[in-house]
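Below: one structure, written as C-alpha cells.
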Amino acid sequence: MDKAIIVDHLVRNYEVTEKKPGLSGAIEGIISPKKKQVRALRGISFNIQPGELVGFIGPNGAGKTTTLKILSGLLFPTAGFTQVLGFDPWDRKPEFLKQISLVMGQKNQLWWDLPAIETLELNRAIYEIPKREYEESLEELSTLLNVKKLLNIQVRRLSLGQRMRLELIAALIHRPKVLFLDEPTIGLDLIAQQKMRDFIYEYNKRYQASILLTSHNMNDLIDLARRVIVIDEGRILFDGALEELVSRFAKEKIIKVSLTHEDDIKRIEQIGKVKKIAFPEVVLSVPREAVAVAAAELLQNFPVADLTIEEIPIEDVIRKVFRGEMSRKKH
Amino acid sequence: MQIFLVFFLWSSVFSDPTRVVFGYNKEKILTYVFGILILKAIVLSARTVDVAGEISRGDLTNFLLKPVSYFKYWFSRDISSKALNLGFAAIETLILFIILKPPFFIQTDPSALLAFATSLVIAVVLFFALLFLVNIVAFWMPENGWAAQFLFVVIITEFLSGGVFPLDIFPAAFQKVLYFLPFPYLLFFPLQVYLGKIAGTQAWGGIMISAFWALVLLLCLNLVWNKGIRRYAAEGR
Chain W
1 MDKAIIVDHL VRNYEVTEKK PGLSGAIEGI ISPKKKQVRA LRGISFNIQP GELVGFIGPN
61 GAGKTTTLKI LSGLLFPTAG FTQVLGFDPW DRKPEFLKQI SLVMGQKNQL WWDLPAIETL
121 ELNRAIYEIP KREYEESLEE LSTLLNVKKL LNIQVRRLSL GQRMRLELIA ALIHRPKVLF
181 LDEPTIGLDL IAQQKMRDFI YEYNKRYQAS ILLTSHNMND LIDLARRVIV IDEGRILFDG
241 ALEELVSRFA KEKIIKVSLT HEDDIKRIEQ IGKVKKIAFP EVVLSVPREA VAVAAAELLQ
301 NFPVADLTIE EIPIEDVIRK VFRGEMSRKK H
Chain R
1001 MQIFLVFFLW SSVFSDPTRV VFGYNKEKIL TYVFGILILK AIVLSARTVD VAGEISRGDL
1061 TNFLLKPVSY FKYWFSRDIS SKALNLGFAA IETLILFIIL KPPFFIQTDP SALLAFATSL
1121 VIAVVLFFAL LFLVNIVAFW MPENGWAAQF LFVVIITEFL SGGVFPLDIF PAAFQKVLYF
1181 LPFPYLLFFP LQVYLGKIAG TQAWGGIMIS AFWALVLLLC LNLVWNKGIR RYAAEGR
C-alpha cells in the first residue's frame, strides 16, 4: 500500500429543513417542509502518504470536518471514492477502526463520572490491545503529555486542558496509523497549545503516523504542517507546501524602504499602497507583477538609504484563508 | 405502592377462596401479580431507552469510531441492568411476601419450567428489538420528539403485554388477534406458561410465534439501522 489516504471526487450533501419562527412556522413546517440541499463537499480529491502530516485549512463551514468524518467512517458519502489504509471507511471493519482515530476538540469519549484510567481500560478491551503493549503505550503517552497524576481522578474534576490531554491518550492508546485531528487546540491556553503541538509532532515522527489536522490556530499549522490543503465552499483551492501558499495567493509583495530624509508622502502613495509610515521607514504593498518597476521608481525618485522586497507574511495569507477571502476573489 | 393496591384489589375480588374468575382462583391471581412484578423487572427493564439520546446528541460517534458492535454493547448493558433489577425485585417481592403472606403457586413440572425459561429468553430479545427500533427513530427526528412517542409505545406495550391486568379479561376475539402480535409474549405468555395455564403443544406453538416475531423485529432493526446510519450526521455540540 503506497498511499495512506485516497480521496477522489468526494461529494457530500446534507438535507436541511428550514423553519420559520413561531408556531405558525412550525405548523407550516409540518404541512409543507421546506427542504434544502446543502452541498458540503463538491468533489474534492487528494492523497496522503504514510507518515505525512497535512494541515487542512479553510473558513468555518468549508467542509473540513465533513471530510474528516467521512474518512473515519462516520458519514456516508453522497458520491465519490475514499480509501484509508486500503479500506473503505464506510464499511467500518474492525481491522480498519483499530488503525485509525478521530479526535474532535469539542467531542469527548471519557466517561464523565469515572477516572480516565477506566475509559482507557475499556478501550484496551475494545481494541484488544495486549496487556504489555497497553502498559507501554500508557506509560509513554502519559509521560509525553505529563498527565500521570491525573489518571485516577474523576474526569469531571479536571480542567479543560487536562481533559483534552487525557482525551488524546484515550484516542491514541491503540497507536493508530492514521490520525484525524479536528481542532485539537481549541479552547486551550498558550502553554497547553504548545504542549499539544509538541506532542503531535512527536507522535507523527515516532510512529510514522499519517496525520490530517484541521485548525484555526495559525501556530498549529506553521509549526506542524509542511503541506496544507485549503478548502472553501466544498472545493479545494490549494494543495501544496505551506511556503507555496504565499506565492500562490499573495497577489502583492511588500517593499520596505528607509529614506535619508523626509519626502512628500503623496508622491509615494502613487507608487503603491502605503501600509505603514514611521520615518525613516516606509512600508508599501505593491502588486506582484509591478514590484520591479515600483522598486526602480523608488530608487530613482526618492532619497533611499535601504530597500528590501519581501513576501507577505504567511500568517496574513492564512488569515485571509480563514476569512474566506481566497474564494471570494475568484467569483 | 402500586403492588399493594393491586394486591388488595384482587384480594377483595377473590375474598371467597373457592371463587374462580376468568380461570383464576385467589392463589393463581396473586401469583400472577407477583409474577408480573418479577417478570417486569427482567423483561421490561432496559437501558436501551438512552439510545435515542445518544443518537440525537451525537454520542453515537464514539461507538462508531471503535471496533465494537453497538447492538451487542447495548444488549450487554441491558443484561447487566436486568440482573441488578432482578436483585432488587427479588428483595421487594420477598418483603411483600413476608408482609402479605399470599398463597403462592410454585411450578414443579420440568417441561413447563423449560418452556417458561425459553419463552422468557425470547421475551427479553423481543423487548430489546422493540425498544431499540422505537429509539432509532431519532435518526429521522433527532429533536427529542421521540420522547412522547416512546412513552406512548411503552404504555401500549405494558398494557398489551399483560403488565396491568391479565389479558384473558379481554373478549376472546380480541385475545385471538393479540396472540398473533408480539406483545403478549413479553409478560403474559411466559407467566401463563409458568402457571401451567398454557402447556404442551399450545405453549411451544406460542414460543414459535414469539421466536418468529423476535426474528422479524431483529431483521427490521438491522434494516432500519442501516438506513438511519446513512442519515446520521455525527453532529456534536
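Protein chains in written order, with my numbering: chain W, 1 to 331; chain R, 1001 to 1237.
Backbone N, C-alpha and C define an ideal beta-carbon position, used for all residues, glycine too.
Note that the coordinates shown come from a computational prediction; the quantities given were computed from them, not determined experimentally.
Might you give, ordered along the chain, the residues of its own chain that have their beta carbon closer than 8 angstroms to the beta carbon of leucine 1178 of chain R, omitting 5 neighbours on each side? The residue you call residue 1178 of chain R lines up with position 178 of the second sequence. Excluding positions up to five away in sequence, the list reads Leu1160, Leu1167, Phe1170 and Pro1184.
Any idea if methionine 1141 of chain R is buried or exposed, counting beta-carbon neighbours within 10 angstroms, 16 or more meaning buried? Residue 1141 of chain R sits at position 141 when you count from the first residue of the second sequence. Exposed, because fewer than 16 other Cβ atoms sit within 10 Å of the Cβ of methionine 1141 of chain R.
If you reduce the DSSP assignment to three classes, tell me which class glutamate 343 of chain W lands in. The structure shown does not extend to residue 343 of chain W, since chain W is modelled only from 1 through 331, so no value can be given for it.
Contacts that leucine 102 of chain W makes with chain R (C-beta to C-beta distance below 7 angstroms): As a working mapping, residue 102 of chain W is identified with position 102 in the first sequence. Chain R residues near leucine 102 of chain W: Leu1065.
Name the two residues that bound the continuous alpha helix (DSSP H) containing leucine 138 of chain W. Taking the first sequence and counting its residues from 1, the one referred to as residue 138 of chain W is at position 138. That run of the alpha helix (DSSP H) goes 131–144.
Buried versus exposed, by CB contacts within 10 Å (16 or more), histidine 174 of chain W: Sequence index remark: in the first sequence, residue 174 of chain W carries index 174 (1-based). By the 10 Å Cβ count, histidine 174 of chain W comes out buried.
Of the residues that make up the stretch 122–133 of chain W, which ones have a beta carbon closer than 7 angstroms to any beta carbon in chain R? Ile126 and Tyr127
Contact criterion: CB-CB distance below 8 angstroms. Does lysine 157 of chain W meet it with respect to chain R? Stepping through the first sequence from its first residue, residue 157 of chain W is reached at position 157. Correcting the residue type first, residue 157 of chain W is arginine in the shown sequence and not lysine. So no, arginine 157 of chain W is outside the interface.
Which residue comes first and which comes last in the beta strand (DSSP E) that contains arginine 42 of chain W? The residue you call residue 42 of chain W lines up with position 42 of the first sequence. It spans 34–48 - the beta strand (DSSP E) in which arginine 42 of chain W sits, taken as one unbroken run.
Chain-order list of residues whose beta-carbon lies under 6 angstroms from that of glutamate 310 of chain W (same chain, five-residue window excluded): Here the question's residue 310 of chain W lines up with position 310 in the first sequence. Taken in chain order, the residues that qualify are Ile254.
Looking only at its own chain, which residues have a Cβ that is under 8 angstroms from the Cβ of glycine 1081 of chain R, when we skip the five neighbours before and after it? As a first step, residue 1081 of chain R is located in the second sequence; it is residue number 81 there, counting from the start. Reading off the sequence, residue 1081 of chain R comes out as serine, not glycine. Hits under 8 angstroms: Ser1045, Ala1046 and Arg1047.
Which residue marks the beginning of the alpha helix (DSSP H) containing aspartate 1078 of chain R, and which one marks its end? On the second sequence, position 78 is the one that residue 1078 of chain R refers to. 1070–1100 is the extent of the alpha helix (DSSP H) around aspartate 1078 of chain R.
Applying a beta-carbon distance threshold of less than 9 angstroms, which residues of chain R neighbour phenylalanine 76 of chain W? To locate residue 76 of chain W, count along the first sequence from 1; it is residue 76. The contacting residues are Ile1229, Arg1230, Arg1231 and Tyr1232.
For tyrosine 14 of chain W and chain R, any beta-carbon pair shorter than 8 angstroms? Within the first sequence, numbered from 1, the residue matching residue 14 of chain W stands at position 14. Chain R, which has a Cβ nearer than 8 angstroms to the Cβ of tyrosine 14 of chain W, makes this yes.
Whose C-beta lies closer than 6 angstroms to the C-beta of alanine 171 of chain W among residues of the same chain, with five residues either side of it excluded? By one-based count along the first sequence, residue 171 of chain W stands at place 171. Answer for alanine 171 of chain W: Ser101 and Val103, listed in chain order.
Residue range of the beta strand (DSSP E) that methionine 104 of chain W falls in? What you label residue 104 of chain W is simply residue 104 of the first sequence in a count that begins at 1. Unbroken beta strand (DSSP E) run through methionine 104 of chain W: 100–104.
If you run the structure through DSSP and keep just helix, strand and coil, what is serine 210 of chain W? Within the first sequence, residue 210 of chain W is the residue found at index 210, counting from 1. In this structure, serine 210 of chain W counts as strand in the three-state DSSP scheme.
Give a yes or no on whether 8 angstroms exceeds the smallest Cβ distance from proline 280 of chain W to chain R. Against the first sequence, residue 280 of chain W aligns to sequence position 280. No, no contact with chain R.
Determine which residues of the stretch 54–73 of chain W have a Cβ less than 8 angstroms from any Cβ of chain R, and write them out in chain order. Lys69, Ser72 and Gly73
Given a cut-off of 8 angstroms on the beta-carbon distance, is the pair valine 11 of chain W and alanine 62 of chain W in contact? By 1-based counting over the first sequence, the position of residue 11 of chain W is 11. By 1-based counting over the first sequence, the position of residue 62 of chain W is 62. Not a contact, by the Cβ cut-off of 8 angstroms.
Quick one: is asparagine 1062 of chain R near chain W, going by C-beta distance under 8 angstroms? In the second sequence, residue 1062 of chain R corresponds to position 62, counting from 1. For asparagine 1062 of chain R, the answer is yes, since a Cβ of chain W falls inside 8 angstroms of its Cβ.
Quick check: is the beta carbon of glutamine 193 of chain W nearer than 8 angstroms to any beta carbon in chain R? Position 193 of the first sequence holds residue 193 of chain W. Closer than 8 angstroms: no.
Over what stretch of residues does the alpha helix (DSSP H) that includes alanine 292 of chain W continue unbroken? Residue numbering aside, residue 292 of chain W sits at position 292 when the first sequence is read from its first letter. 291–301 is the extent of the alpha helix (DSSP H) around alanine 292 of chain W.
Taking CB distances under 8 angstroms as the criterion, tell me whether valine 1068 of chain R reaches chain W. Translated into the one-based positions of the second sequence, residue 1068 of chain R becomes position 68. At least one chain W Cβ lies under 8 angstroms of valine 1068 of chain R.
Applying a beta-carbon distance threshold of less than 7 angstroms, which residues of chain R neighbour lysine 98 of chain W? Taking the first sequence and counting its residues from 1, one reaches residue 98 of chain W at position 98. Near lysine 98 of chain W (Cβ distances below 7 angstroms), the residues of chain R are Pro1067.
Inspect the CB distances between the stretch 1114–1130 of chain R and the stretch 1212–1221 of chain R and report whether three or more fall short of 8 angstroms. yes
What separation, rounded to the nearest whole angstrom, lies between the Cα atoms of leucine 1131 of chain R and valine 1153 of chain R? Translated into the one-based positions of the second sequence, residue 1131 of chain R becomes position 131. Translated into the one-based positions of the second sequence, residue 1153 of chain R becomes position 153. Taking the straight line joining both Cα atoms gives about 9 angstroms.
In this structure, does DSSP put proline 167 of chain W in helix, strand or coil? Numbered from 1 along the first sequence, position 167 holds the residue referred to as residue 167 of chain W. The question names proline, but residue 167 of chain W is glutamate in the sequence shown. DSSP places glutamate 167 of chain W in helix when its eight states are reduced to three.
Neighbour list for lysine 107 of chain W in chain R, Cβ cutoff strictly below 8 angstroms: The count along the first sequence starts at 1 and reaches residue 107 of chain W at position 107. Within 8 angstroms Cβ-Cβ: Gly1058, Thr1061, Asn1062 and Gly1236.
Listed by chain order, chain R residues near arginine 92 of chain W by CB distance under 9 angstroms: For the purposes of this step, residue 92 of chain W is taken as residue 92 along the first sequence, with counting starting at 1. Near arginine 92 of chain W (Cβ distances below 9 angstroms), the residues of chain R are Leu1064, Leu1065 and Pro1067.
Helix, strand or coil, according to DSSP, for serine 258 of chain W in the structure here? If you number the first sequence from 1, residue 258 of chain W lands on position 258. Strand, per DSSP.
Pull up the DSSP beta-bridge partners for alanine 79 of chain W, would you. Taking the first residue of the first sequence as position 1, residue 79 of chain W is located at position 79. For alanine 79 of chain W, which the question treats as bridged, DSSP gives the partners W:Val11.
Ignore the nearest five residues each way along the sequence and tell me which others in glutamine 194 of chain W's own chain have a CB closer than 7 angstroms to its CB. Residue 194 of chain W sits at position 194 when you count from the first residue of the first sequence. No residues qualify anywhere along the chain.
Cutoff 8 angstroms: aspartate 1016 of chain R Cβ touching any chain W Cβ: Your numbering for residue 1016 of chain R matches position 16 in the second sequence. So, not an interface residue.
Once you ignore the five residues that flank arginine 42 of chain W on each side, which residues in its own chain have a CB closer than 7 angstroms to its CB? Along the first sequence, read from residue 1 onward, the residue named residue 42 of chain W stands at position 42. Here the set comprises Val11, Gly234 and Arg235.
Could you say if the stretch 17–30 of chain W and the stretch 46–60 of chain W meet the contact criterion of at least three C-beta pairs nearer than 8 angstroms? no
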